Amino acid sequence: MTDVYNPQEIEQKWQERWEKDGLYRSVVDTDKPKHYALTMLPYPSGDLHIGHWYAMTPPDARARYMRMRGYNVLFPMGFDAFGLPAENAAIQRKVHPKKWTYANIEKMRRQMRSMGAMFDWEREAVSADPEYYKWTQWFFIQFFKRGLAYKKLAAVDFCPHCNTTLAREQVIGEERSCERCKTPVIKKNLNQWFFKITDYADELLDFGAVEWPERVMTMQKNWIGRSEGAHVTFKTEQSTPARGSDDLLVFTTRPDTLWGATFMVMSPEHPLVAEITTAEQKAAVDAYVEQAARASDIDREATDREKTGVFSGAYAINPVNEERIPIWVADYVLMTYGSGAIMAVPAHDQRDWDFAKKFGLEIRPVIAPETPAPADMAYAGPGKMINSGPFNGTPATEEKGVTNPAIKAVIEWLEKEGKGHSAVNYRLRDWLISRQRYWGAPIPMVTCPEHGLVPVPDDQLPVLLPDDVEFMPTGESPLKLHATWKAATCPVCGQPAERETDTMDTFMCSSWYQYRYLSPHYDGGPFDAEEASYWLPVDQYTGGIEHATMHLLYTRFFARAMRDCGIFGNVQPMNPDIQPESMFSEPMTRLYNQGMILAENHEKMSKSRGNVVDPDDLVALYGADTVRGYMMFSFKWDQGGPWNSKGISGMTRFLNDVWNLVTATPAIKGDPSPDDVKALRRKTHQTIRRVTEDMETFGFNTAIAGLMELKNTMQKFQKTPVTRSDAWGEAARALLLMMAPIMPHIAEELWARVGEPYSVHQQAWPVFDESIAAEDMITYPVQINGKLRDRITVSADANEETIKAAALALEKVKEHLNRGAPKKVIVIPGRLVNIVV
Ligand code: ANZ
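Residue numbers (this note's numbering): 147 to 983.
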């Protein structure tokens, strides 16, 4: 063994030893509190890049820290292995998606081992393994049986490049493009599978049982988009008792403005457009409907867009005042929101105002502003109801929903009169989960001519994905073109039936992986109830903010759907502090979002830009501990930033310094000075206090800065007899213990070298003694004009400003100053304070 720090040698040695000893196996131990630390599972795209290290090594340090704090920690790892890139690779490189995926997984496993992370590999789960997707399919069937999965013809978002439908969450940006390939999506009418996430909209708005970043909760709330208001029915002139279906239903958040509704607007896609348009207007309306179909929802919703529309020729009756108002067709009203038709109140809604101005329609104010408001735009503020029959004078506040007295009063009246009722509308839509692609879990359903949609019986799961398929993207699922795939028998009657050819959105696989990790090879269900009773829920989840409204919303929905399907039936929280309701509804108690590492040129790292930093190269050059330490030191974890390779040697220097301090410090003869001993101990305990706080709050960068300071203090005393004192050993041990989570290999090596028992990772986290950490205090006599009046006690290293402030804050001093300012404050360091008044 050499005596210089050689990371390559020691890192491999310890990784092998840890693996051999099963040091990171986590087994149920009811004598210890548990901590389930989870980091978002990676997609096996091929190479582990520095971003993976940034996502995985800080949570590893945190998990290791929790373990030293006495928790039984589970920190598993796996792969989100189904998905489009594998299929695209198949098309481009003519390699089978399975081969491509599993080769990548093999490579990434090797790379991940080089991190020296405490992953429990025996709990690894791979979503493309039949033993995994068997349960993905099983969940689908449970949801189907409970009415939470359904198939429906719908206008759906379709990516013409990926040749598949997308969930609404996967359509991003103003230009509405595919989240993966950025191609603008198109609308298609297709028969698709959905999950009823909308049934859980209200429950998903409740974040009472989680400690999540405000930002993520806000994003989910906005995505769910709950609006309170009313449904009001407007009869059209065509409505007769026989044709009651010609009534126009509207959703409004402002029923208090009903008396100001001077026209109505239908979305061009509204089914009643064809019914009520008059013969004279038919040609104009048809032409408009056709033109509107070409604009995207985002364009249509843009408030600054010139309004377009056409009169239908038909009229409706405003139910509150029996007025006859014209019905228009315009594309600023979307079919996908509310009921697809609105009552237009131009005086108080800017879009309606713009429309009324353009087409010369009546604008009638029904809310009088409290203070004068501009007359050339809609007024959306508070005031009093006017021109509103029985409601004149009712105050309308800025509040939304029934907390607004005007809205409350009108809704009560509508309900009493049978003209409408309170209603809640959500932006959230059901989750579209079918994909016309090959590399995913097959949807386990068959269609029988007689029995319709029938789930595949449990004993026939998994429905195995065949290997022999053509991958050419045709817009149809490749399974449709397979020679034998479609042929099935109906589980009910045994007659020939047709197998479903779509596969599931991969977000379905990743919605429940935290449960599979508990028992990845268990065959009695998706997870072993005993493991679940101990480990659930996830205590600390970490991952990128980009998953705020997709994965993180889906997995919350999944947990609730599982709960309602009775899937947690045999699970009983072992920890009496955990409420079963929260355990089964909220899958992840705490969430932390890390930032992103950019390339040195501040751009996003990507292979196509050629600016990717390869961690393998860095590990070969500097060792994993340096890379881990550098990454955690250079960035605030939640912020990230541009990579800078120049700084990395500073971390190597730090590790070398520690190495030399610990392995090559001879005890210096003589008596250690008591002051020096005290100073070193104080620094040690202060560092423990500070690093403990930082590890609790993911402040890795400041934790490492603290370790560096302690090292500097030790170097200061390295050539003094302090090296013979117990304080020296205490400092060295504390330093190594605190380094262990962050730089696990060098800490283990040096721990052994100072003669401590294996393994440093099984030691308790050091504790600090507040009295040792405390700075020395000095008491100053405080004089006023030379006469002793009082005393102050401050820290020995307090600066002049602090001492002055403490003296001036004394009651007795304030009395003498009588609110005036002192002429002069003199501080004689270590001796006294004199105030001249
Ligand atoms: C009358 C009214 C008067 C409205 C007023 C607003 C202000 P949020 O808050 O987003 O839920 N609306 C309803 N359905 C629509 C659709 N399919 N396309 C476009 N707009 C639609 O918005 C609800 C409001 O948006 C509704 O309340 C309706 O206009 C409009 F002073 O009704 B309101």
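C-beta atoms are modelled at their ideal positions from N, C-alpha and C, and glycine is treated no differently. Please read these numbers as outputs of a predicted model, since none were measured by experiment.
Backbone CA spacing between Met264 and Arg210 [nearest angstrom]: Going by the C-alpha atoms only, they are around 7 Å apart.
Test item: CB-CB of Pro719 and Met729 under 9 Å: yes
Beta carbon of Tyr434 nearer than 9 Å to that of Val456: Yes.
Member of Gly671, Trp199, Phe653 and Ser665 whose CA lies at the smallest distance from the CA of Asp605: Gly671
For Tyr279, three-class secondary structure by DSSP: helix
Span separating the alpha-carbon of Leu625 from that of Ile834: 59 Å
Residue burial classification, Met147 (beta-carbon count within 10 angstroms, cutoff 16): With a pLDDT of 43 at Met147, under the threshold of 50, the modelled position of this residue cannot be trusted, and the question is left open.
Three-pair Cβ contact test at 8 Å for the segment 541-553 versus the segment 460-477: In this structure the segment 541-553 does not lie against the segment 460-477, because fewer than three pairs of beta carbons, one per stretch, are closer than 8 Å.
Beta-carbon contacts of Phe673 that lie in its chain and below 6 Å, excluding the five residues immediately before and after: Tyr661, Leu664 and Ser665, listed in sequence order.
Under 9 Å between C-beta atoms of Thr635 and Val592: yes
Distance between beta carbons of Phe409 and Ile471, contact taken as under 8 Å: 5 Å
Short Cβ contact (9 Å threshold) for Lys829 with Ala877: The Cβ atoms of Lys829 and Ala877 lie closer than 9 Å to each other.
Inter-residue spacing [alpha-carbon to alpha-carbon] between Asp803 and Lys857: Cα-Cα distance, rounded: 8 Å.
Inter-stretch contact at 8 Å, needing at least 3 Cβ pairs: the segment 264-278 / the segment 218-228: As far as the Cβ criterion goes, the segment 264-278 touches the segment 218-228, which means the pair count is three or higher.
Reduced DSSP category for Val241 - H, G, I as helix; E, B as strand; rest coil: Coil, per DSSP.
Helix, strand or coil at Ser401 according to DSSP, with G and I counted as helix: Note that residue 401 is Pro in the sequence shown, not Ser. Three-state DSSP puts Pro401 in a helix.
Leu607, DSSP secondary structure in three states: coil
Where Ala967 falls: helix, strand or coil (DSSP): coil
Neighbour-count burial assignment, Cys327, 16 or more Cβ in a 10 Å radius: exposed
Closer than 8 Å: Asp497 CB and nearest the ligand ANZ heavy atom: First, the residue type needs correcting, since residue 497 is Arg and not Asp in the sequence shown. Within the cutoff, so yes.
Cut-off 7 Å between Cβ atoms - residues of its own chain near Leu516, not counting five sequence neighbours on either side: A small correction: the amino acid at residue 516 is Glu; Leu does not occupy that position in the sequence shown. Answer for Glu516: Pro528 and Gly529, listed in chain order.
Supposed contact pair Gln908 and Val979 - C-beta distance, whole angstroms, cut 8 Å: That belief does not hold up - the Cβ atoms of Val979 and Gln908 are roughly 52 Å apart, past 8 Å.
Sufficient close CB pairs (3 or more, under 8 Å) joining the segment 363-380 to the segment 569-582: yes
Extent of the continuous alpha helix (DSSP H) run through Pro93: Nothing in the structure corresponds to residue 93, since the chain is present only between 147 and 983.
Alpha-carbon to alpha-carbon, Asn739 and Pro359: Pro359 and Asn739: Cα-Cα distance of roughly 8 Å.
Bounding residues of the beta strand (DSSP E) (the contiguous stretch that carries Leu480): According to the DSSP assignment, Leu480 belongs to no beta strand (DSSP E), since it is labelled neither H nor E.
Local conformation of Met147 per DSSP, three classes: Confidence at Met147 is low in this model, with a pLDDT of 43, below 50, so its placement is unreliable and no value can be given for it.
Complete beta strand (DSSP E) runs within the segment 600-668 (minimum length 3 residues, chain order): Entirely contained in the segment 600-668, the beta strand (DSSP E) runs reaching 3 residues are, in chain order, 633-635 and 642-645.
Boundaries of the alpha helix (DSSP H) in which Leu826 is found, first to last residue: Pro820 to Glu842
Beta bridge counterpart(s) of Glu677 as assigned by DSSP: Answer is none; Glu677 lacks a bridge partner.
Cβ neighbour criterion (16 or more within 10 Å) applied to Arg774: Buried, by the Cβ-count rule.
CB contact flag (Trp585, Phe844, <9 Å): no
Closer than 8 Å: Gly564 CB and nearest the ligand ANZ heavy atom: no
For Asn571, the three-state DSSP class (helix, strand or coil): strand
Boundaries (first-last residue) of the beta strand (DSSP E) holding Met742: Met742 to Leu744
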